[in-house]
Amino acid sequence: SCGINFDKYDNIKVEVTGENVPQPAETFQSAGLCQFVLDNVKKSGYLKPTPVQKHALPIIMSGRDLMACAQTGSGKTAAFLLPMINTLIRDTKDLIITSQHCEPHAIIISPTRELAIQIFTEARKFSHGSIVKVVVAYGGTAVYHQARQVMDGCHILVATPGRLIDFVNRGRITFSSIRFLVLDEADRMLDMGFMPDVERIMNHSTMVPNGERQTLMFSATFPVDIQRLAGKFLHSYLFLAIGIVGG
Ligand code: ADP
Ligand code: MG
33 SCGINFDKYD NIKVEVTGEN VPQPAETFQS AGLCQFVLDN VKKSGYLKPT
83 PVQKHALPII MSGRDLMACA QTGSGKTAAF LLPMINTLIR DTKDLIITSQ
133 HCEPHAIIIS PTRELAIQIF TEARKFSHGS IVKVVVAYGG TAVYHQARQV
183 MDGCHILVAT PGRLIDFVNR GRITFSSIRF LVLDEADRML DMGFMPDVER
233 IMNHSTMVPN GERQTLMFSA TFPVDIQRLA GKFLHSYLFL AIGIVGG
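Plus 32 on top of the position in the sequence shown (first one is 1) and you've got the numbering used here.
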């Protein structure tokens, strides 16, 4: 869909630290994505994975937690959405819908309404035609409509921290079926003062045992507060840095 030239990133410095690092995937096919997801990737106009995608896809596909640092515009969204959607399509049984609350299988926390909507749109493209249902929720708008959508049930919930905390506090969402928790643009959430909310949300996710939940963090930079958060909530994770990452 877009004519972005990622070739300039081909010789970029890549650092991966942690135990048992999977081989990077040179193509979307070799990342082990199912044909259904590959078809949606193709429809999106993505010809080959960007550097962060080459490394993150096999890591997430193998079930590992990940802390990934890469600059804005490097393709971090698909890096987490593709393996997540692949897993949810493969494993998802029927949605658990009760009149009481929603139990999403994946929650993506995003700092702003605009970014949340972008992630939501990409997630819909990559899951198009599957049973995976995606909902987006953000503040600054009437809660009623979004609450209805969330209560109707979803597999993937993309939300800003404030609105998510609001739903959690009202008992509209529980974390008991969480398979993926993603913190996108972690450094921006820090700058915007969302860390207390984010940490409260991440604490909720720990009600699901480590082995049954993957926690993924994405950031452009890696300041100490993000390092601390990674150390606290990620489990035997891999650290991936693409290009020069400031601290
Ligand atoms: P980031 O989250 O790292 O800032 P995005 O995920 O928003 O970056 O991606 C930036 C742009 O590049 C988006 O328009 C996205 O659709 C596009 N893009 C991402 N990956 C690819 C790819 N493999 N091939 C072509 N375009 C891509
Ligand atoms: Mg992004």
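Glycine residues also receive a C-beta, built at the ideal position from the N, C-alpha and C atoms.
Only a predicted model underlies this, so the values are computations on that prediction, with no experimental measurement involved.
Can you tell me the Cα-Cα spacing of residue i and residue j, whole angstroms?
| i | j | result |
| --- | --- | --- |
| V168 | T49 | 33 angstroms |
| F60 | M99 | 21 angstroms |
| I197 | D71 | 35 angstroms |
| V230 | T206 | 15 angstroms |
| Q246 | R211 | 6 angstroms |
| L286 | V182 | Nothing can be reported for residue 286, as the shown portion of the chain is limited to 33 through 279. |
| R195 | Y170 | 5 angstroms |
| T119 | M93 | 8 angstroms |
Would you please state the rounded distance, in angstroms, between the beta carbons of residue i and residue j? I believe it to be under 8 angstroms.
| i | j | result |
| --- | --- | --- |
| S208 | V240 | 7 angstroms |
| R96 | L270 | 6 angstroms |
| T82 | S106 | 6 angstroms |
| A155 | I121 | Their Cβ separation, rounded to whole angstroms, is 12 angstroms, which puts A155 and I121 out of contact at 8 angstroms. |
| L114 | L147 | That belief does not hold up - the Cβ atoms of L114 and L147 are roughly 18 angstroms apart, past 8 angstroms. |
Look at the Cβ atom of residue i, then the Cβ atom of residue j, and state whether they are nearer than 8 angstroms.
| i | j | result |
| --- | --- | --- |
| E217 | S159 | no |
| P54 | I91 | yes |
| D223 | S251 | no |
| G275 | K108 | no |
| C101 | A273 | yes |
| N242 | H267 | yes |
| V190 | V175 | no |
Which word fits residue i, buried or exposed, when buried means at least 16 other C-beta atoms lie within 10 angstroms of its C-beta?
| i | result |
| --- | --- |
| L79 | exposed |
| K86 | buried |
| A262 | buried |
| A138 | buried |
| S33 | Low per-residue confidence applies at S33: pLDDT is 38, beneath 50, and the placement is therefore not dependable enough to give any value. |
| P228 | exposed |
| V256 | exposed |
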